[in-house]
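Q: One structure is given below, represented as structure tokens, and several questions about it will come after.
In the numbering used here, the protein residues as written are 22 to 253.
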């Protein structure tokens, strides 16, 4: 009698456990389905937000295309206060134009041409130069001249001279040049940067050319100033 009662009780307990297992399994499946649906919905919303805020052309760009603004940041330099008897520090204006569709070597000759000139003389030289880069440099100089009056408290627009003028290599692009018989070559579309520094005041007088004796003395002095390591 006791064995029969215990056997029946064991069967009922097994049935209850099976029913609970089925219920738990169904609840777990429902939770997984809900979590998966929410994850997919979140992924779609993030994709729409990303494509909606940023242009699609920015997706595959690399960090090498980021432009360094070191030259323009020099305009934000704050110097310490000057002493009462110290002469007034002249204003310095840094300006540039980047990614110009022009060769840096051709631009260098024009940048070298106006180096050390006053702003009016440089604009006059560029006005009568038929090069493409001359027109670009003239526009940059006029922009820098406006910046000097507007942002750097320069009183007279003509009281400026060009202290630094140089060019640099830009971000160049490689493209395919198609040849005959299924061949091809790689061509490069070159770009350049132009940098200019204007300083308030008249240009300094030109330095006299060094003689051969002066060059020789500088060379000998440079040899004497060397530091020879691993010696006594």
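Virtual Cβ for every residue (Gly too), placed ideally from N, Cα, C.
Nothing here was measured: the structure is a model prediction, and the numbers come from that model.
Are residue 173 and residue 221 touching if we call contact CB-CB under 9 Å?
A: Residue 173 sits at position 152 when you count from the first residue of the chain shown. Residue 221 sits at position 200 when you count from the first residue of the chain shown. A contact, by the Cβ cut-off of 9 Å.
Q: May I ask which residues mark the beginning and end of the alpha helix (DSSP H) holding residue 100?
A: Within the chain shown, residue 100 is the residue found at index 79, counting from 1. Residue 100 -> no alpha helix (DSSP H), and no H or E assigned at all.
Q: Anyone know if the C-beta pair for residue 212 and residue 243 falls short of 9 Å?
A: As a working mapping, residue 212 is identified with position 191 in the chain shown. As a working mapping, residue 243 is identified with position 222 in the chain shown. Going by C-beta atoms, residue 212 is not nearer than 9 Å to residue 243.
Q: If we ignore side chains and look at the alpha-carbon of each, how far apart do residue 131 and residue 145 end up?
A: Numbered from 1 along the chain shown, position 110 holds the residue referred to as residue 131. Numbered from 1 along the chain shown, position 124 holds the residue referred to as residue 145. If you take the alpha carbons of residue 131 and residue 145, they lie about 13 Å apart.
Q: Between the C-alpha atoms of residue 149 and residue 138, what's the straight-line distance to the nearest angstrom?
A: Here residue 149 refers to the residue found at position 128 of the chain shown. Here residue 138 refers to the residue found at position 117 of the chain shown. Approximately 16 Å between the Cα atoms of the pair.
Q: Who are the near neighbours of residue 196 in its chain, counting only those whose CB is closer than 7 Å to its CB and skipping five residues on each side?
A: Your numbering for residue 196 matches position 175 in the chain shown. These residues qualify, in order along the chain: 208 and 210.
Q: Using only the alpha-carbon positions, how far apart do residue 159 and residue 152 sit?
A: Reading the chain shown from its first residue, position 138 is the one you call residue 159. Reading the chain shown from its first residue, position 131 is the one you call residue 152. Looking at the two C-alpha atoms, the distance is approximately 11 Å.
Q: May I ask which residues mark the beginning and end of the alpha helix (DSSP H) holding residue 251?
A: Position 230 of the chain shown, counted from the start, is the residue given in the question as residue 251. No alpha helix (DSSP H) contains residue 251, which DSSP labels as neither H nor E.
Q: Quick check on the burial criterion: 16 or more other C-beta atoms within 10 angstroms. Buried or exposed for residue 89?
A: Stepping through the chain shown from its first residue, residue 89 is reached at position 68. With fewer than 16 Cβ atoms within 10 Å of its Cβ, residue 89 is classed as exposed.
Q: Could you give the DSSP three-state label for residue 236: helix, strand or coil?
A: Start at 1 with the first residue of the chain shown, and residue 236 comes out as number 215. Helix, per DSSP.
Q: Taking the continuous alpha helix (DSSP H) assigned at residue 161, which residues delimit it?
A: Locating residue 161 in the chain shown gives position 140, where the first residue counts as 1. First-last of the alpha helix (DSSP H) with residue 161: 153-172.
Q: In terms of residues, what are the limits of the beta strand (DSSP E) holding residue 199?
A: Indexing the chain shown from 1 puts residue 199 at position 178. Unbroken beta strand (DSSP E) run through residue 199: 194-199.
Q: Can you name the residues that DSSP bridges to residue 215?
A: Stepping through the chain shown from its first residue, residue 215 is reached at position 194. Its beta-bridge partners are 118 and 188.
Q: Count the C-beta pairs between the stretch 112-123 and the stretch 228-246 that are closer than 8 Å, then say yes if the count reaches three, no if not.
A: The stretch 112-123 vs the stretch 228-246: no contact.
Q: List the whole-angstrom C-beta distance separating residue 188 from residue 215, where the pair is believed to meet the contact cut-off of C-beta under 8 Å.
A: Position 167 of the chain shown, counted from the first residue, corresponds to residue 188. Position 194 of the chain shown, counted from the first residue, corresponds to residue 215. With 8 Å as the limit, residue 188 and residue 215 qualify as a contact, their Cβ atoms being about 5 Å apart.
Q: Provide the residue(s) that pair with residue 208 in DSSP beta bridges, ordered along the chain.
A: The residue labelled residue 208 in the question sits at position 187 within the chain shown. According to DSSP, which records beta bridges pairwise, residue 208 is partnered with 196.
Q: Report yes if the CB atom of residue 181 is closer than 9 Å to the CB atom of residue 219, and no otherwise.
A: Here residue 181 corresponds to residue number 160 of the chain shown, with the count starting at 1. Here residue 219 corresponds to residue number 198 of the chain shown, with the count starting at 1. Yes.
Q: Just verifying my parser: in three-state terms, what is the DSSP assignment at residue 107?
A: Walking along the chain shown from the start, residue 107 turns up at place 86. Looking at residue 107 - three-state DSSP - the assignment turns out to be coil, as it is neither helix nor strand.
Q: Could you pull out every residue in the same chain whose Cβ sits closer than 7 Å to the Cβ of residue 95, ignoring the five residues on either side in sequence?
A: Sequence index remark: in the chain shown, residue 95 carries index 74 (1-based). Hits under 7 Å: 115.
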